Each structure stands twice: as C-alpha cells, then as structure tokens.
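In our numbering, the protein residues as written are 150 to 488. Presented below is the structure to which this report refers.
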Amino acid sequence: MREPAFWHGPASLNSHLLKPLGALYGAIAAQRLQRKGLNAGIPVLCVGNYHVGGAGKTPTVLALAKLLGELGETPVVLSRGYGGKLRGPVRVDPARHAASDVGDEPLMLASHLPVVVSRNRAEGVPLARSQGATVILMDDGFQSPAVVKDASLIVIDSGRGIGNGQVFPAGPLRAPLRPQLARTDALIVVGDGNAASSVAAAIAAQGKPVLSAHLKPDAAVVAELRGRRVLAFAGIGDPARFFNTLRASGVDVVQSRAFADHHPYSQGEIEGLIVEAKRDGLTLVTTEKDLARLRRGGVLPDWAREIVPFAVTLEFDDAALLRKFVADRLFKARERKEP
150 MREPAFWHGP ASLNSHLLKP LGALYGAIAA QRLQRKGLNA GIPVLCVGNY
200 HVGGAGKTPT VLALAKLLGE LGETPVVLSR GYGGKLRGPV RVDPARHAAS
250 DVGDEPLMLA SHLPVVVSRN RAEGVPLARS QGATVILMDD GFQSPAVVKD
300 ASLIVIDSGR GIGNGQVFPA GPLRAPLRPQ LARTDALIVV GDGNAASSVA
350 AAIAAQGKPV LSAHLKPDAA VVAELRGRRV LAFAGIGDPA RFFNTLRASG
400 VDVVQSRAFA DHHPYSQGEI EGLIVEAKRD GLTLVTTEKD LARLRRGGVL
450 PDWAREIVPF AVTLEFDDAA LLRKFVADRL FKARERKEP
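Next comes the structure, spelled out in structure tokens:
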C-alpha cells in the first residue's frame, strides 16, 4: 500500500476521523501482544519496527547476520513472507522462487544466508532449526506473539520517526506505542535526523541501548554512477529516503518515480521506464529489494538488465556496543533455555 500523506503530517481531519478505528485496532493489537508464544529452543532475535512501512529492517537483518557469523553463530532468517503466495514452511531458493512466491525481502536476503518463510512463524521454527540454525533471526514479527523472542531490536528512521504517533489507520503505528516501548530491548536509529529523538529518549530512560546507524552505499556503485544523470525508481516503504540517499552520495537524480511498497512491477511498467530513461539520456537505478521483484529463476529477464541496483549496508556508530548487546543476549537466552 502507499502510505497516506497525513500519517506523516500535522494533525489532520482524516486522522481525527479515523481515531476510533485506530483505538479499536490498537486495543486488539495490545491484547495480542500479551499472548504466549512458542519457545524455539534456541535464541531468537527479532528485527522489527513500531509502524507499517519501511525503516531499514532489511539492511539491519544483514548487518546482524554478519555479526552473528563473526560470533561463530549460524543464523537462519524466519520471515512471514509478506507479498508471497506460499504459506510455507519453505526454505527460500533464489534459483527457484520469485518474489511473488516468497516476498521480495526474503528473496533478497536468501542470496546472503538461509531464509525460511512461514505464514505461521511458529510452524517455521522446526525447518529453521533443521537448516543448522544456532540463532533464529526474525525479519519483522515484533507485534506477533507466535514465537518467544530473546531480544527485540527496533529500527526507526531518524527523519520520519513514528509519524503522527497514531495507531493504524489513523496513523502508521501497528499498536499503541507504550506497550511497544516496554517490549523493546534495543533501538536502532538510522540517519541523522531528530524525528525519533523522543522515542530514543524514552528507550534510554528505561536503561536500554539506543544505537545510531547509517546506510553506507556501495562504493563501486557510487563510482559507476558518478557523472551520470539518473532516473531513480522505488516501491519501498519510504521511496524518498532512497532518492535522498542517492543525492547524498553525489548521484545526479534528474527524475524519480515512487511506487507503493512491495509494488509488483509489470514488464510494461519497466519497459516504459527504460524508454523514458533512454529518451532523456538517463541511467535507470533502483534498490536491491525492487530488483529482487523482477528476478525470475534467480536471473533478471532481458528487459530488466539495464537497471542498476544501488546497494547499501548498515553501519553502526558504536559497533562494539551492538556486539556486546547481542553476545549478552545470546548468553542469557541459552542460560534460560538449558534444561
């Protein structure tokens, strides 16, 4: 879906009229948070956010997977597979599956580490463990009680924060903020903005770590695009953040096209963008997640091969603090799970 503008603006009539629905949705969501879930038997780290839409979960999952590997762990990602038609449990195979099968985020992640998709997350745990997992890394699912979490790391964009602070559909929050804050074990603030400062202060007041991080573009891609004029397109939670990241990297974004999050591109749409780019002498650029939606059997079709993916990684300002937090949580989780 495409986020309504009033979610991230000042108080509005639309938000006010939708508050009763938001209160009902929030009450159900808050009650759901109280349910007891499955004990996976191994540590479970969850990467989530407070609201619908993008905040940087996917690069966070990849950064944590890299850290876990350095700690001698074997992480396996567990995802609901949003946008995919397969209920699962199934291990994602980039050579066999498409985004329409398993979702764009799991497909993208599966090129880096094992990923299990299961509409019912608890049912995916045995398959994840059978893949040799010593740690389950949940991509999203913070508000889901299906699996007991040993640590929940919440990602928030410093430029957008939590929008108008209202619960869906009056605003972007998936549940009332207070119970979400109580269940947060660490907050990851991406970028240099100040829209997340009040949330960060609330987490810090609880004695929980607040970690600053930044998206770092791939140097080779930046060098490839330097001096070119670009038509950028994206169908993610916050396309503007992608366009701003390009510009901040010195890329000359002449035109941009924003699509709804997880937009299923048709061949005609992409060919139309290619024609437009060629007409104006522009290079077509998108995110790795968007490009994952175009792959068929692990490869891009001929009509999409001129598109340049703009790869980014998430870097933490205090990597040692993150490492200590994760190592401590793994140790405590294993202590609790010992018979």
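Here a beta-carbon is modelled for each residue, glycine too, at the ideal position from N, C-alpha and C. Computed from a predicted model, the values in this text were never measured in an experiment.
Q: Give the single residue among 161, 230, 364 whose Cα lies nearest to the Cα of residue 465.
A: Position 316 of the sequence shown, counted from the start, is the residue given in the question as residue 465. Measuring from the Cα of residue 465, the nearest candidate turns out to be 364.
Q: Would you give the residue range spanned by the alpha helix (DSSP H) that residue 253 belongs to?
A: If you number the sequence shown from 1, residue 253 lands on position 104. Looking at the DSSP string, the run of the alpha helix (DSSP H) that includes residue 253 is 253–258.
Q.
What residue range does the alpha helix (DSSP H) around residue 337 cover?
A. The residue labelled residue 337 in the question sits at position 188 within the sequence shown. Not the alpha helix (DSSP H): residue 337 falls in the beta strand (DSSP E), residues 335–339.
**Q.** Top-ranked residue by Cα proximity to residue 458, from 469, 404, 446, 367
**A.** The residue you call residue 458 lines up with position 309 of the sequence shown. Minimum Cα distance to residue 458 is reached at 367.
Q. Taking the beta strand (DSSP E) that residue 406 falls in, what are its first and last residues?
A. The residue you call residue 406 lines up with position 257 of the sequence shown. Residue 406 -> beta strand (DSSP E) spans 401–407.
**Q.** In chain order, each alpha helix (DSSP H) run of at least 4 residues that lies wholly inside the region 189–226
**A.** 206–219
Q: Using alpha carbons as the reference points, say which of 482, 161, 210, 387 lies closest to residue 337.
A: For the purposes of this step, residue 337 is taken as the residue at position 188 of the sequence shown. The residue with the shortest Cα to Cα distance from residue 337 is 210.
(Q) For a test of the three-state rule: what should DSSP assign to residue 427, helix, strand or coil? (A) In the sequence shown, the residue the question calls residue 427 occupies position 278. Residue state, collapsed to three classes: helix.
Q: Could you check which residue in 485, 479, 484 has the C-alpha nearest to that of residue 221?
A: Indexing the sequence shown from 1 puts residue 221 at position 72. Answer by Cα proximity: 479.
Q) In terms of alpha-carbon separation, which member of 257, 317, 374, 410 lies closest to residue 385? A) Here residue 385 is taken as the residue at index 236 of the sequence shown, counted from 1. Per the Cα distances, 410.
Q. When you compare only the Cα positions, how much space is there between residue 286 and residue 360?
A. As a first step, residue 286 must be located in the sequence shown, where it is residue number 137. As a first step, residue 360 must be located in the sequence shown, where it is residue number 211. Straight-line Cα distance between these residues: approximately 18 Å.
Q: Leaving aside the five residues before and after residue 293 along the sequence, list all residues of the same chain whose C-beta is less than 7 Å from its C-beta, in chain order.
A: Looking up residue 293 in the sequence shown gives position 144. Same-chain partners within the cutoff: 270.
**Q.** Residue range of the unbroken alpha helix (DSSP H) whose run includes residue 346
**A.** Within the sequence shown, the letter at position 197 stands for residue 346. Where residue 346 is concerned, the enclosing alpha helix (DSSP H) stretches over 346–354.
Q: Enumerate in chain order the residues of its own chain whose CB-to-CB distance from residue 330 is below 8 Å, with the five nearest sequence positions on each side excluded.
A: The residue labelled residue 330 in the question sits at position 181 within the sequence shown. So the qualifying residues of the chain are 348, 351, 352, 355.
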